[in-house]
Every structure is written in structure tokens, then in C-alpha cells.
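Chemist: Here it is: the structure, laid out below.
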Amino acid sequence: MARLYAYKCIQAEERKLQEQFENLPINGRKTTRQTIKRIKELKLDASYRLAQKCNVMVSWHKMSIQGQRVVLGEASIILPDCTIVGFEKLKEIELNYKGIASSYLNCMNRE
10 MARLYAYKCI QAEERKLQEQ FENLPINGRK TTRQTIKRIK ELKLDASYRL AQKCNVMVSW
70 HKMSIQGQRV VLGEASIILP DCTIVGFEKL KEIELNYKGI ASSYLNCMNR E
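The numbering of the sequence shown is the numbering used here, which starts it at 10 and goes up by one.
This is the structure we're talking about:
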């Protein structure tokens, strides 16, 4: 069975969000309140789906509207142990998990 990586799920969810944003009438500062509200709802829905699927909380707190598009910015990820990490750190943790776990066990055996 293949391992489910949270960083891959986050990438896929960001792509889905961008596709949904392309269908909205975005016009810089003249974007309507309803459209801005819809953008925030889509972002919250994506965050909820990721929390259910991968057991991590994701926030795009630096989201902005730039011209005709929405820029999500860097994702902040809260892990189950309440550690806040960035996307690259999460990817590093997941890809090196076996190495981290084995080095931790080696340290515990030394004590």
C-alpha cells in the first residue's frame, strides 16, 4: 500500500484552488465582496479537506489578490504535535521520516 504524503495532498489542493479561482470574476481592487467571500470559503473548505484527509491544518495567511488572479502565498502547516512548519520542512520531514525515527531510536538506546 502506498504511503499518503501530506505535502502531495497540499500541492494537489492548491492546484484545485487555483483552478476554482480562475472561474471567479476577479478584478483587482474592484473585486466584489461576494467574490472575496467566495474565495475565503473555497480556501477554508480546502483547509478542512486537508485536515480530514491528512491530519494536518493548513493556512494560507498571506493570500492576496493581484490583478486578475489570487496568490495563495506560503502555506503554514500545523502538525498533529502542534508544530508549525512550512511546506519545504514538511516535505523534508516526510521524505526523511525513516532516518529521523531510526536516529531517534539510536539516541534513546544510548541513554
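Every residue, glycine too, gets a C-beta built ideally from N, C-alpha and C.
(1) Excluding sequence positions up to five away, which residues of its chain have a Cβ less than 6 Å from the Cβ of P89?
(2) For Q75, which beta-bridge partners are listed by DSSP?
(3) In the DSSP assignment, the beta strand (DSSP E) including I45 goes from what residue to what residue?
(4) So, for V94: in the same chain, excluding its five sequence neighbours on each side, which residues have a beta-carbon less than 6 Å away from its beta-carbon?
(5) Between Y14 and the rest of its own chain, which residues show a CB-CB distance below 7 Å, the 5 nearest in sequence each way excluded?
(6) Against chain D, with Cβ distances strictly below 8 Å, would P34 count as a contact?
(7) How about I35 and Q77: do their beta carbons lie closer than 8 Å?
(8) Who are the Cβ neighbours of E23 in its own chain at under 7 Å, not counting the five residues just before and after it?
(9) Can you tell me which of the three DSSP states I35 falls into?
Modeler: Judging by the given coordinates:
(1) Hits under 6 Å: N64.
(2) R78
(3) Looking at the DSSP string, I45 is not in any beta strand (DSSP E); the run it does join, the alpha helix (DSSP H), is 42-63.
(4) I86
(5) Taken in chain order, the residues that qualify are E103.
(6) Here there is only one protein chain, and chain D is not present.
(7) yes
(8) L81
(9) coil
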